[in-house]
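Reading through the structure tokens given below for one structure.
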Amino acid sequence: MIIKDEQIMEQGFKKVNYWPKGYTVVLLIFLTTMEVFGFDNMSDSLITKEVFGIMPDGKKVNLFSLKNSSGLVVKITDYGGTVVSVQTPDRNGNSADIIIGYDSFEDLYHKNDSYFGVLVGRYANRIGNARFSLAGKEHVLSANNGDHHLHGGVKGNLDKVLWSSQIVDEKEQPRLRLTYHSSENSSEYSGNVDLQVDYSLTENNELVIEYRASSDKPTIINLTNHSYFNLLGLSDGDDPIENVLGHEVSINADFYTPVDETLIPTGEIISVKNTPMDFIAPKTIGLEIGSVSGGYDHNYVLNKTERDVLSLAAKVLEPKSGRTLTVLTTKPGLQFYTGNFLDGTQIGKYGKPIIKNGGFCMESQFFPNSPNQHHFPSPVLLPSETYTHKTVYKFGIKK
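Sequential numbering of the sequence shown, starting at 0, is according to numbering that gives the first Met the number 0.
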């Protein structure tokens with residue numbers, strides 16, 4: 000076995016030889032009962048690490064590869080908790096990356112205004128008029144989306160910071176753990192918040208993301224992942240990115256929160272029945288998108304029998320490739336976004352323009368503008384509480 004030096008030292012093994020250059024042939028002497036990134040565990044999943052880039056202050060940025068025995072590979076960086084790629088096969092066994100966005104640290108650092116793949120917070124989605132009241136005090140936030148506050152604003156937002164990272168080698172499932180201390184002074188929100196996000200890849204082809212947060216003051220919290228999926232897959236050939244309008248989607252929601260012309264919820268919760276918002280039965284994204292002003296960028300009120308229980312949110316099928324995506328979450332809402340603001344000016348993976356409707360997002364969440372709509376599920380986190388949230392993205396194939 001050939002393992003990079005930094006992997007050896009982090010896992011607690013002694014180095015006893017020294018070639019080839021840049022690597023070390025090693026005798027693995029167990030100092031504890033720890034195994035290497037999941038080998039010999041009950042799970043066949045594996046996590047490896049490589050250098051992805053360097054921050055302006057000289058800190059190293061890492062790229063982690065999560066792999067399972069089915070050949071599924073998910074790459075995640077500790078810069079912004081970003082899902083960089085998901086490599087998964089189609090019905091013919093041809094593997095392709097199904098994540099739209101950037102695959103270099105430089106592009107993610109300098110160009111990622113569309114939130115490709117990132118961990119969003121402290122408050123994902125929009126807060127109307129960039130202000131809200133909490134505990135009798137009005138909080139004024141940055142307005143970075145017209146008059147409104149979007150995805151954590153411009154100060155201390157979680158997709159623009161380097162998280163601390165470690166590989167947690169648990170017996171049944173190794174996981175990548177990211178942690179970050181979001182101080183009150185460095186963010187736009189009240190309270191000093193400690194955040195933890197775990198990523199794991201199961202043998203059932205599930206990318207599991209688990210979020211935790213605690214605060215020393217009352218605050219609001221709403222974390223999500225902003226990956227753009229295109230189940231057709233990307234390739235390094237000459238073919239351009241195809242849009243996702245032919246993907247078949249079902250969303251487990253009888254109701255949604257309508258929005259005004261600036262995409263702020265009106266406060267209503269209305270039925271999807273007999274509207275273009277109805278995805279109870281599967282239909283293609285493109286079937287009625289023309290009847291929705293600007294395209295889909297709406298919060299769905301998920302059908303839940305019990306609060307905070309992991310349950311089905313959505314299913315997606317891409318008919319040509321046979322690739323499927325199933326989303327489950329503990330959160331009450333799901334933002335379905337169809338890449339309406341992408342316009343082809345961003346050059347992504349393989350040097351290809353990222354076109355309008357080139358990807359879709361399934362963002363598990365509290366409802367947008369919840370701090371100002373008190374009949375919506377509350378995003379308030381008290382010092383006596385712990386915020387927890389779990390979302391599962393399950394990848395499959397329909398033959």
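By construction, the Cβ of each residue, glycine as well, lies at the ideal position given by its N, Cα and C atoms.
Bear in mind the structure is a predicted one, so any value in this text is a computation, not a measurement.
Check, Outcome
"Pair within 7 Å by beta-carbon distance, V418 and I284", "Since the first residue shown for the chain is 0 and the last is 398, residue 418 is missing from the structure and cannot be characterised."
"Secondary structure of K58, DSSP reduced to three states", "coil"
"Contiguous beta strand (DSSP E) assignments of at least 3 residues, all confined to the segment 191-273", "192-200, 205-214, 227-233, 247-250, 254-256"
"CB contact flag (Q364, G332, <7 Å)", "yes"
"D43 - partner residues in DSSP beta bridges", "Note: D43 sits in no beta bridge, so no partner."
"DSSP-derived helix/strand/coil call for H109", "helix"
"With 16 other Cβ atoms within 10 Å as the buried cut-off, status of F375", "buried"
"Cβ shell of E209 (< 6 Å), same chain only, five flanking positions each side left out", "D197, K389"
"Beta-ladder partner(s) of T328, from DSSP", "S310, T390"
"Which of helix, strand or coil DSSP assigns to D403", "Outside the displayed span of the chain (0 to 398) sits residue 403, for which this structure offers no information."
"Which of helix, strand or coil DSSP assigns to S369", "helix"
"Endpoints, beta strand (DSSP E) assigned at A95", "94-99"
"For D89 and I396, the rounded distance between their alpha carbons", "6 Å"
"Other residues of its chain near G145: CB distance less than 7 Å, five sequence neighbours each side excluded", "T261"
"Proximity to P264 [Cα-Cα], best of V119, R125, D77", "R125"
"Classification of H109 by the beta-carbon crowding that lies within 10 angstroms, buried from 16 upward", "exposed"
"At least 3 beta-carbon pairs within less than 8 Å: the segment 278-296 vs the segment 328-345", "yes"
"Collapsed DSSP secondary structure at K319 in the structure displayed", "coil"
"Between the CA atoms of S164 and D77 - distance to the nearest angstrom", "6 Å"
"Distance between beta carbons of D102 and V117, contact taken as under 8 Å", "Not a contact, Cβ separation roughly 14 Å."
"Pairwise C-alpha distance: S94 and D193", "37 Å"
"Contact the segment 119-134 vs the segment 220-239: 3+ CB pairs below 8 Å", "yes"
"T76 - containing beta strand (DSSP E), residue span", "72-76"
"Cβ contact check for the segment 231-251 and the segment 301-320: 3 or more pairs under 8 Å", "yes"
"Local conformation of S363 per DSSP, three classes", "strand"
"Buried versus exposed call for S377 [16 or more other C-beta atoms within 10 Å across all chains shown]", "exposed"
"Cβ neighbour criterion (16 or more within 10 Å) applied to V391", "buried"
"K48 (DSSP reduced to helix, strand or coil)", "strand"
"Secondary structure of Y349, DSSP reduced to three states", "helix"
"Assigned exposure category for T218 - 16 Cβ within 10 Å defines buried", "buried"
"Cβ separation of S44 and L200, assumed to be a contact under 8 Å, to the nearest whole Å", "5 Å"
"Local conformation of G357 per DSSP, three classes", "coil"
"Rounded C-alpha distance that separates S290 from P275", "7 Å"
"Nearest-angstrom Cα separation, counted from S68 out to N184", "44 Å"
"Assigned exposure category for E171 - 16 Cβ within 10 Å defines buried", "exposed"
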